[in-house]
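Chemist:
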Amino acid sequence: MTTHYETFSVDLAAKNAFDEQLAQCTMKAVCNGHYVRTSVFIKWLQSKVPYRQHGEQVETSQANRLLYAAYRKNIGNGVLPISVDALSNDKDQSLLVFSILFEIGLGHIIHGLMRLDKVDRHLPIPLYVLQETFRELHLADWEKSAARFNDKQWKFCPPQFELGKARDLRGNHVLPICRRKPINEQKGGTAKLLQIEVLEEFVGPNLRGAVKNSRYEEKDGLGPRYQFALKVFHEGSRYENEKNAFYAL
38 MTTHYETFSV DLAAKNAFDE QLAQCTMKAV CNGHYVRTSV FIKWLQSKVP YRQHGEQVET
98 SQANRLLYAA YRKNIGNGVL PISVDALSND KDQSLLVFSI LFEIGLGHII HGLMRLDKVD
158 RHLPIPLYVL QETFRELHLA DWEKSAARFN DKQWKFCPPQ FELGKARDLR GNHVLPICRR
218 KPINEQKGGT AKLLQIEVLE EFVGPNLRGA VKNSRYEEKD GLGPRYQFAL KVFHEGSRYE
278 NEKNAFYAL
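Heads up, the final residue of the sequence shown is numbered 286 in this note's numbering, and it's a clean run with no missing numbers.
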């Protein structure tokens, strides 16, 4: 049987709680883009909350509450097509994919995306793959919905800084740098030197160990962070030359 998915409204209280927590976990980067403190947000999704289910007051996770809210109009028998345990599975965790869908009003198709192996570890998902996936799910306005998902997913994919790990980042990636200030003010040089601040959750374990003395905290409630020197090159060839010279040391 072919299922056609539509966008529909969800439980307002659950959506308000989701929107409020997402706003609290969203930070503005120095590039003016936004990124989500995903580890903090996932902890909230897994936290417990009182919830009325099948006429009884129970304690459930925020993620399960959101699942029921998303599927409310599709669960006449009260049985969800996917469990919150499946969303939280270590290998195929899909809490972030579900959150992106929930934000755009499509939380009720998460079981379809998981069936097609569109899970958190594959984020960010290329736009053409999203288009193929949403079309395969017979989603109304699949092209528009794929574009909306693509627009929202980038804030959930802040890259991690890690020692010895080079990555080519797309233009939509938002580096999780919360503060920066210039170290050198000279003009006309081949590079610009900056001091940057990065929250600990976006610093990989190997890099943490290498710069453990630069770990510190502020009184802003955001937790531990690290300071780094960032060199920004105006020409890619000069970056490659300096990188190779550094590795040769």
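Cβ atoms here follow ideal geometry from the backbone N, Cα and C, with glycine treated the same way.
All values derive from a computational prediction rather than experimental measurement.
Quick one: what's V240 bridged to in DSSP?
Modeler: For V240, which the question treats as bridged, DSSP gives the partners F198.
Chemist: Who pairs with L231 in a beta bridge, going by DSSP?
Modeler: Partner(s): P219, L267.
Chemist: Got a sec, what are the start and stop residues for the alpha helix (DSSP H) Y105 sits in?
Modeler: 99-107
Chemist: Within the same chain, show all residues whose beta-carbon is closer than 7 Å to that of L3, passing over the 5 residues directly before and after it, in chain order.
Modeler: Given a span of 38 to 286 for the chain in the structure shown, any question on residue 3 remains unanswerable.
Chemist: Distance, Cα to Cα, S84 vs P261?
Modeler: 22 Å
Chemist: Pull the bridge partners of L167 from the DSSP assignment, please.
Modeler: Answer is none; L167 lacks a bridge partner.
Chemist: Where does the unbroken alpha helix (DSSP H) through H71 begin, and where does it stop?
Modeler: No alpha helix (DSSP H) contains H71, which is instead part of the beta strand (DSSP E) from 71-73.
Chemist: What are the partner residues of Q94, as DSSP defines its beta bridges?
Modeler: R89
Chemist: Once the 5 residues before and after Q94 are set aside, which same chain residues still bring their CB inside 7 Å of it?
Modeler: P87
Chemist: Is it right to say P195 is buried, meaning 16 or more other beta carbons lie within 10 angstroms of its own, or is it exposed?
Modeler: buried
Chemist: Quick check on the DSSP output: the alpha helix (DSSP H) that includes K52 runs from which residue to which?
Modeler: 49-62
Chemist: Touching or not, the stretch 73-82 and the stretch 225-240, by the rule of three or more beta carbon pairs under 8 Å?
Modeler: yes
Chemist: Counting only the same chain and skipping the five closest in sequence on each side, list residues whose C-beta sits under 6 Å from that of H41.
Modeler: Residue confidence for H41 is low, a pLDDT of 45 falling below 50, so the modelled location carries little weight and cannot support an answer.
Chemist: According to DSSP, is R158 helix, strand or coil?
Modeler: helix
Chemist: Could you tell me which residues DSSP puts in a beta bridge with R262?
Modeler: L236, Y253
Chemist: Who are K192's beta bridge partners in DSSP?
Modeler: In DSSP, K192 forms no bridge with anything.
Chemist: Once DSSP output is grouped into helix, strand and coil, what is the label at K80?
Modeler: helix
Chemist: G258: which of L124, A51, C62, E169 sits nearest, CA to CA?
Modeler: C62
Chemist: Which term fits E43, buried or exposed, when burial requires 16 or more other beta carbons within 10 angstroms of its beta carbon?
Modeler: Because E43 sits at a pLDDT of 44, beneath the cut-off of 50, its placement in the model cannot be relied upon, and the point is left open.
Chemist: Can you tell me the Cα-Cα spacing of Q130 and K268, whole angstroms?
Modeler: Straight-line spacing of the CA atoms in Q130 and K268 works out to 35 Å.
Chemist: On the three-state DSSP scale, how would you describe K110?
Modeler: helix
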